[in-house]
Amino acid sequence: MKEFLEIHPEVENALANGKAVVALESTIISHGMPYPKNVETALGVEEVVRANGAIPATIAIFNGKCHVGLTNEQLEYFGKAKDVWKVSLRDMPFVISQNLYGATTVAATMRIADMTGIKIFVTGGIGGVHRGAETSMDISADLTEMAQTSVAVVSAGAKSILDIGLTLEYLETMGIPVVTYGQEEFPSFYSRKSGFRSPLRLDSIKEIAALLDTKWKLGLTGSVLIANPVPAEQEIATDEMELHIQKALNAAKEKNISGKEVTPFLLKYIADHTKGESLEANIALIKHNAKVGAEIAVAYAG
Ligand code: PSU
Ligand code: MN
Numbered sequence: 004m005k006e007f008l009e010i011h012p013e014v015e016n017a018l019a020n021g022k023a024v025v026a027l028e029s030t031i032i033s034h035g036m037p038y039p040k041n042v043e044t045a046l047g048v049e050e051v052v053r054a055n056g057a058i059p060a061t062i063a064i065f066n067g068k069c070h071v072g073l074t075n076e077q078l079e080y081f082g083k084a085k086d087v088w089k090v091s092l093r094d095m096p097f098v099i100s101q102n103l104y105g106a107t108t109v110a111a112t113m114r115i116a117d118m119t120g121i122k123i124f125v126t127g128g129i130g131g132v133h134r135g136a137e138t139s140m141d142i143s144a145d146l147t148e149m150a151q152t153s154v155a156v157v158s159a160g161a162k163s164i165l166d167i168g169l170t171l172e173y174l175e176t177m178g179i180p181v182v183t184y185g186q187e188e189f190p191s192f193y194s195r196k197s198g199f200r201s202p203l204r205l206d207s208i209k210e211i212a213a214l215l216d217t218k219w220k221l222g223l224t225g226s227v228l229i230a231n232p233v234p235a236e237q238e239i240a241t242d243e244m245e246l247h248i249q250k251a252l253n254a255a256k257e258k259n260i261s262g263k264e265v266t267p268f269l270l271k272y273i274a275d276h277t278k279g280e281s282l283e284a285n286i287a288l289i290k291h292n293a294k295v296g297a298e299i300a301v302a303y304a305g
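So for the sequence shown, our numbering puts the first residue at 4; every next one is plus one.
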């Protein structure tokens with residue numbers, strides 16, 4: 004696999020010395036937030052990871068190579084470029100063999116992190132089972148990837164553009180532990196609430212690291228979802244978000260949006276219609292996840 008990887012020397016060095024490394028995705032930069040806030044956020048998230056004792060490794064595909072750890076210029080490129088592929092697992096062989104540029108989703112980022120030897124990955128929200136999946140079959144490859152790849156995912160739960168109940172059922176079926184950090188309820192990205200009880204709860208970083216270590220030492224492959232609720236000051240009420248989500252879903256239906264376009268369309272619609280507030284919440288929760296993810300990576304490495 005080496006021929007497809009371009010590992011930043013700082014990341015390579017950290018891995019060789021058993022230091023904590025945190026993988027970060029790039030779809031969020033290219034397809035999840037407007038420029039220049041996306042680049043500022045990506046740089047800010049990397050700083051938070053460093054401030055908490057780990058080395059950040061943002062992952063993206065450049066000219067057919069999987070880059071693990073990006074330069075600031077590369078981050079800037081991904082924030083600005085309009086022709087960047089959204090790369091999930093099925094897109095990897097095409098984008099790589101065609102020497103294209105791709106921003107990686109949770110699924111593709113996890114896989115590349117695993118190829119590199121990184122065990123902890125931080126994002127905002129994961130993809131999941133979409134509302135209406137009983138007829139559309141729209142279930143994100145993030146979930147099937149989490150079922151097989153042994154990289155932990157730190158997220159603010161799942162956005163309520165998804166069917167959170169079905170997403171939790173799917174994670175249970177696939178044997179993926181879902182641990183909420185510090186509260187009983189599973190969070191829904193913008194909100195600390197979702198209406199669903201978290202399958203598991205842990206209140207310390209040490210216990211989370213021990214759970215990861217135990218799962219993998221038992222030979223149980225696959226991910227652990229660590230749900231880290233958005234900080235209370237930046238939270239947006241679920242009923243307020245629900246109105247925007249309903250409108251976004253209706254607009255997607257009207258425009259016949261399907262396949263891989265669904266998630267970026269819904270994210271952009273909600274961002275455009277909630278303006279500053281949702282963007283600020285989004286930035287705050289990703290930085291908070293970066294802090295918790297770095298702490299877990301340090302505890303796990305220790
Ligand atoms: N959900 C969010 N924010 C995101 C995404 C999902 O709240 O940025 C992005 C992630 O990169 C995720 C991808 O892996 O969308 C899932 O896309 P799909 O539903 O097409 O699998
Ligand atoms: Mn989908």
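All residues carry an ideal CB built from backbone N, CA and C; glycine is no exception. Bear in mind the structure is a predicted one, so any value in this text is a computation, not a measurement.
Any heavy atom of the ligand SAM inside 7 Å of the beta-carbon of lysine 40? Because the ligand SAM does not appear in the structure shown, any question about it cannot be addressed here, the ligands present being the ligand PSU and the ligand MN.
Measuring from the CB of valine 227, is there a heavy atom of the ligand MN at a distance below 7 Å? no
Secondary structure at isoleucine 208, three-state DSSP: helix, strand or coil? helix
How about valine 233 and alanine 300: do their beta carbons lie closer than 8 Å? no
Should isoleucine 179 and leucine 103 be called a contact, given that it needs their Cβ atoms to be closer than 8 Å? no
Do leucine 174 and phenylalanine 189 have their C-beta atoms within less than 8 Å of each other? no
Contiguous beta strand (DSSP E) assignments of at least 3 residues, all confined to the region 234-270: none
Provide the residue span of the beta strand (DSSP E) that contains tyrosine 184, from first to last. 181-184
Backbone secondary structure at arginine 134 - three-state DSSP: coil
Within the continuous beta strand (DSSP E) that includes isoleucine 123, where are the two ends? 123-125
Nearest neighbour of serine 191, chosen from Ile239, Arg114, Ala45 and Lys278 [CA to CA]: Ile239
Taking just the CA atoms, how far does isoleucine 164 sit from histidine 70? 30 Å
Through-space distance from asparagine 259 to alanine 54, alpha-carbon basis: 44 Å
N- and C-terminal bounds of the beta strand (DSSP E) containing proline 59: 58-65
Proximity below 8 Å, CB of asparagine 253 to CB of asparagine 292: no
Would you mind stating whether lysine 85 and proline 267 have Cβ atoms separated by less than 8 Å? no
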